[in-house]
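Notes for the one structure printed next.
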Amino acid sequence: MNRLSHMTYFKNATGILSFMLLIAAYSCTTDRAAEYVDIAIDTDGDGVLDTQEVLQGTDKNDPCDPVQDATYTSYDPLNAVWQNSDCDSDGISNANELAGSTNPYFDESLDTDGDGVSDSQELQNGSDKDNPCDPFQNSGYSAFNDSNPIWIAADCDGDGMSNGDEITNETDPYFDEIGGLDTDGDGVKDERETLDGTDLNDPCDPVQPAGYKGYDPLNAIWAVADCDADGVTNADEHEMQTDPYLDDRLYAIPEFLPTLSELQLFEGPLTDLAFISTVYEYGISTPLFADYAYKLRSVAIPNGQTMAYTGEGLFSFPDNSILTETIYYLNDERDPALGKKIIETRVLIKMSGAWNVGKYIWNDTQTEAFLDDGAQIVAVNWIDALGNTRNVDYRILPNVLCFQCHDINGGTTPIGIKARALNFAYQGTNQLQDFIDNGLLTGAPDVSQIAVLPDWSDDTLPLEDRARAYLDVNCAHCHQPGGSYNISYGDAFELRYETSYEDSNIFETRVAIENRINSQIPNYFMPFLGTTVLHDEGVALINAYIDSLE
Numbered sequence: 002m003n004r005l006s007h008m009t010y011f012k013n014a015t016g017i018l019s020f021m022l023l024i025a026a027y028s029c030t031t032d033r034a035a036e037y038v039d040i041a042i043d044t045d046g047d048g049v050l051d052t053q054e055v056l057q058g059t060d061k062n063d064p065c066d067p068v069q070d071a072t073y074t075s076y077d078p079l080n081a082v083w084q085n086s087d088c089d090s091d092g093i094s095n096a097n098e099l100a101g102s103t104n105p106y107f108d109e110s111l112d113t114d115g116d117g118v119s120d121s122q123e124l125q126n127g128s129d130k131d132n133p134c135d136p137f138q139n140s141g142y143s144a145f146n147d148s149n150p151i152w153i154a155a156d157c158d159g160d161g162m163s164n165g166d167e168i169t170n171e172t173d174p175y176f177d178e179i180g181g182l183d184t185d186g187d188g189v190k191d192e193r194e195t196l197d198g199t200d201l202n203d204p205c206d207p208v209q210p211a212g213y214k215g216y217d218p219l220n221a222i223w224a225v226a227d228c229d230a231d232g233v234t235n236a237d238e239h240e241m242q243t244d245p246y247l248d249d250r251l252y253a254i255p256e257f258l259p260t261l262s263e264l265q266l267f268e269g270p271l272t273d274l275a276f277i278s279t280v281y282e283y284g285i286s287t288p289l290f291a292d293y294a295y296k297l298r299s300v301a302i303p304n305g306q307t308m309a310y311t312g313e314g315l316f317s318f319p320d321n322s323i324l325t326e327t328i329y330y331l332n333d334e335r336d337p338a339l340g341k342k343i344i345e346t347r348v349l350i351k352m353s354g355a356w357n358v359g360k361y362i363w364n365d366t367q368t369e370a371f372l373d374d375g376a377q378i379v380a381v382n383w384i385d386a387l388g389n390t391r392n393v394d395y396r397i398l399p400n401v402l403c404f405q406c407h408d409i410n411g412g413t414t415p416i417g418i419k420a421r422a423l424n425f426a427y428q429g430t431n432q433l434q435d436f437i438d439n440g441l442l443t444g445a446p447d448v449s450q451i452a453v454l455p456d457w458s459d460d461t462l463p464l465e466d467r468a469r470a471y472l473d474v475n476c477a478h479c480h481q482p483g484g485s486y487n488i489s490y491g492d493a494f495e496l497r498y499e500t501s502y503e504d505s506n507i508f509e510t511r512v513a514i515e516n517r518i519n520s521q522i523p524n525y526f527m528p529f530l531g532t533t534v535l536h537d538e539g540v541a542l543i544n545a546y547i548d549s550l551e
């Protein structure tokens, strides 16, 4: 109501007289005679005349006193005092509320029930501003205020679990997780998965964040899955109280640190040679002979990366890949439980596109190995599988000689970890398939399409295949195009398994091959490095093969 409307009200003579009498009586009986004012004035523009404010004890200079409800419209929008006030305390002046077509006596941002729908909007659409479940919201709705006590105490999906508890459990307060099927036990009901387009039979779909607790640990499908792909099943993680949705595995450190333990390749006592879960043991079908020593091999790939299949030879490795080879002798080959003597751990690390070599020499107490690029001779005694006492002066080669075998065309390269050499069952599982299944190797065809390097010791295989496999592993690292021998002396012969017999020149050089592998003359016998004694079984194999050639 503006001033004209106020004046219209007071044109009634009876009303004026009655009102004046009231003012006079009030003025004569109180000490507030000074409050007597012009009956037509509304100083604060709140639509209540100063005279009325005096009578009722409200402040004629405060346009927000008396307090009015949200339907009130009798204010004077042209009054400067009223314009500059904020009667709903929402931080917006009355004048700006009018300019923005909002209510100066109602805070539109107020959301009493915390449902994310303001009280003003609820008033307009007819929903209950005190009921956080009205209006109804679909599953996935997230505009609620999870700190509002009214909303927290409600149960908007009617599943018997309060909204607050649903937030704590990371479930949906607008979807009944209690009722209905959850085939895969991931805590997301089948109905919800169908609506969302996720797989109701895959407990790892949808992907959940670390710390998620909404799963059913008793569900068999969920239990055998591995939702963080860390090689440990969900059930085992739950039992060990680790997070089935967080890959918290350790990874080997791709640096040549002072001690082997610092590389973080092993877990538990170092002498147990037990790799951590992200370091993978592997074997090769025909291993390199090294004075009857055993070799424990491993590969470690950086988190989130893989080896790439590039053919039946060596894989392609990302930077920070680590290859290791630990040399040891069993004290008694008839009973491995009687312990072992570990000599050295050889390490290849790929850095900035190039392979770097290093080795760690084990101490006498077998508690640690230390980075050392020098040479040593270690006396070793053991009992072989037939009960014979054997001994050897094992030679730890200096790093500078590693390149004699690992150099191809002037660059250091691994030797044994080739697709064909790994395509066999190792510890009960095909290694290539195991690498593929664990996400360690990508780009490989079906393993049945990959050639196999024969096991030289398998008497059921053809003599030529066994002999060529033996020559490949023990000799071809030098005797191939780009190898250290062929670079120096030319491609007189080529001993890689995949090279055809006609192109190998084995027949033409058969006498030299036979003489050298049967010799123990220093700087003449073969293999040139890594052996100090004859490999009787290997020599017999090559002799038989050479004798068979025509």
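Per the working numbering, residue 2 is the first one in the sequence shown, and the count goes up by one each step. Backbone N, C-alpha and C fix where the C-beta goes; we use that ideal spot for every residue, glycine too.
Residue i classed as buried or exposed, judged by whether at least 16 other C-beta atoms fall within 10 angstroms
i	result
residue 502	exposed
residue 242	exposed
residue 335	exposed
residue 201	buried
residue 229	buried
residue 350	buried
residue 268	exposed
residue 195	exposed
residue 545	exposed
residue 1	No information on residue 1 is available, as it lies outside the stretch 2 to 551 that the chain covers here.
residue 131	exposed
residue 127	exposed
residue 207	exposed
Distance between residue j and residue i (C-alpha atoms, nearest Å)
i	j	result
residue 304	residue 251	9 Å
residue 310	residue 437	10 Å
residue 324	residue 220	39 Å
residue 386	residue 337	11 Å
residue 549	residue 515	12 Å
residue 288	residue 520	21 Å
residue 163	residue 115	14 Å
residue 210	residue 69	49 Å
residue 88	residue 43	16 Å
residue 391	residue 358	30 Å
residue 46	residue 144	38 Å
residue 330	residue 197	58 Å
residue 363	residue 285	24 Å
residue 187	residue 78	59 Å
residue 36	residue 83	Note that residue 36 has pLDDT 45, beneath the 50 cutoff, so the model's placement of it is unreliable and the number below is only indicative. Those two C-alpha atoms are separated by around 21 Å.
residue 535	residue 292	8 Å
residue 493	residue 466	21 Å
Delimiting residues of the beta strand (DSSP E) encompassing residue i
i	result
residue 164	Premise fails: residue 164 lies in the alpha helix (DSSP H), 164-169, not in any beta strand (DSSP E).
residue 325	323-331
residue 352	341-352
residue 512	Careful: residue 512 lies outside any beta strand (DSSP E), inside the alpha helix (DSSP H) at 511-518.
residue 359	355-363
residue 394	390-397
residue 299	295-301
residue 280	280-283
Given residue i as reference, the closest of the options once Cα atoms are compared
i	options	result
residue 264	296, 300, 523 and 294	300
residue 414	245, 421 and 406	406
residue 107	120, 441 and 515	120
residue 435	281, 523, 389 and 452	281
residue 443	307, 197 and 90	307
residue 353	125, 506, 174 and 256	256
residue 276	247, 327, 237 and 395	327
residue 137	149, 155 and 50	155
residue 81	535, 215, 62 and 74	62
residue 412	374, 118, 478 and 189	478
residue 470	462, 457, 482 and 463	457
residue 160	176, 100 and 393	176
residue 345	168, 320, 381 and 319	381
residue 258	532, 360 and 246	360
residue 401	374, 427 and 293	374
residue 342	365, 49 and 118	365
residue 540	551, 118, 517 and 148	517
residue 174	193, 182 and 184	193
Residue i: first and last residue of the uninterrupted alpha helix (DSSP H) it sits in
i	result
residue 381	Taken as a continuous stretch (DSSP letters only), residue 381 belongs to no alpha helix (DSSP H), being part of the beta strand (DSSP E) at 377-384.
residue 502	502-505
residue 195	191-197
residue 236	235-241
Integer-rounded CB distance, given that residue j should sit under 8 Å from residue i
i	j	result
residue 472	residue 422	No, residue 472 and residue 422 are not in contact; Cβ-Cβ is about 13 Å, not under 8 Å.
residue 384	residue 333	4 Å
residue 424	residue 448	6 Å
Residue i at chain C interface by Cβ criterion, 8 Å
i	result
residue 211	As a matter of chain content, chain C is missing from the structure shown, which is built from one protein chain.
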